[in-house]
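Engineer: Supplied in structure tokens, the structure appears directly below.
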Amino acid sequence: MTQYFFDISGVLNYLSYGSRFTGIQRVVVTLADAACQKIPAGQAFISYLDPSRGRYVAVPYTRLAGGRLTDPDRLRASFGMRPPLSDRQKPSLRKYDGKSMRALYHAVRFDLYAKLGRGKYQRDKQTSSRSLSSSALFNGGCPDVRPFEELATARDHLVLMDSVWGNEKALAAFQAAKDSGIVVHTMLHDLIRSWLQRSSRMT
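With the first letter of the sequence shown counted as 1, position 136 gets the number 139 in our numbering; the numbers rise by one all the way through.
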């Protein structure tokens, strides 16, 4: 039984600090979703580099079906990712939008004041330095996540549509997949349509 894996590493990385998909990310998730709908259940997976584990992992597409993959807020929630800082911080730090170091400085100051018992700062918990300094990419919000190498076998397909070429860990995972006999497709966006048509005949 041939399995298909669609990489969204770049999309998930971007959602840790961006509130909406870029144009190319919208293309990636829309095409991955469309392709997975053509593949029998149990053979379609979404894969990504999980920085919290330091591993390349995958989750069944069924966990992200029904519009979760193509909606940035629902996708973020599916992986237990916090909203971007600008979407969650209190007005007391909004004036530091675009100035992350100043925001972190003032968050540390607020934490200190809260520990000293100053009520105003104790109430402002969402501006804590912990929430500001942590990228909070993945915190266990999506079960069924498994290491890629435990799921994929020789002659399975890994489809790369995302822009992660500067990420050495992702590149190493792709090379390891290829070395283990997995067919790795590096997609050019003007050729994706023809690949989808061909893949629908392969399943």
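In this text, a Cβ means the ideal position worked out from N, Cα and C, and glycines have one as well.
As the structure is a prediction and not an experimental result, all values here were calculated from the model.
1. Can you say whether D159 is buried or exposed, counting buried as having 16 or more other CB atoms within 10 angstroms of its CB?
2. If you scan the stretch 8 to 38 from start to end, which runs of the beta strand (DSSP E) of 3 or more residues do you find wholly inside it?
3. For Q46, which residues of its own chain have a beta-carbon under 8 Å away from its beta-carbon, when the five flanking residues on both sides are left out?
4. For a test of the three-state rule: what should DSSP assign to A47, helix, strand or coil?
5. For a test of the three-state rule: what should DSSP assign to T189, helix, strand or coil?
6. Does the distance from the C-beta atom of V167 to that of M190 stay below 9 Å?
7. Would you kindly work out how many angstroms separate the C-alpha atoms of V148 and L154, rounded to a whole number?
8. Hey, quick one: how far does the beta strand (DSSP E) through P75 stretch, first residue to last?
9. CB-CB under 8 Å to H188, same chain, minus the five flanking residues each way: which ones, in chain order?
10. With 16 other CB atoms within 10 Å as the buried threshold, where does Q178 fall?
Structural biologist: In terms of the structure at hand:
1. The residue is buried, with at least 16 neighbouring Cβ atoms inside 10 Å.
2. none
3. M4, T5, Q6, Y7 and T206, listed in sequence order.
4. strand
5. strand
6. no
7. 10 Å
8. Premise fails: P75 lies in the alpha helix (DSSP H), P75 to S81, not in any beta strand (DSSP E).
9. Cβ neighbours of H188 within its own chain (closer than 8 Å, five residues either side excluded): H160, L161, V162, L163 and W198.
10. exposed
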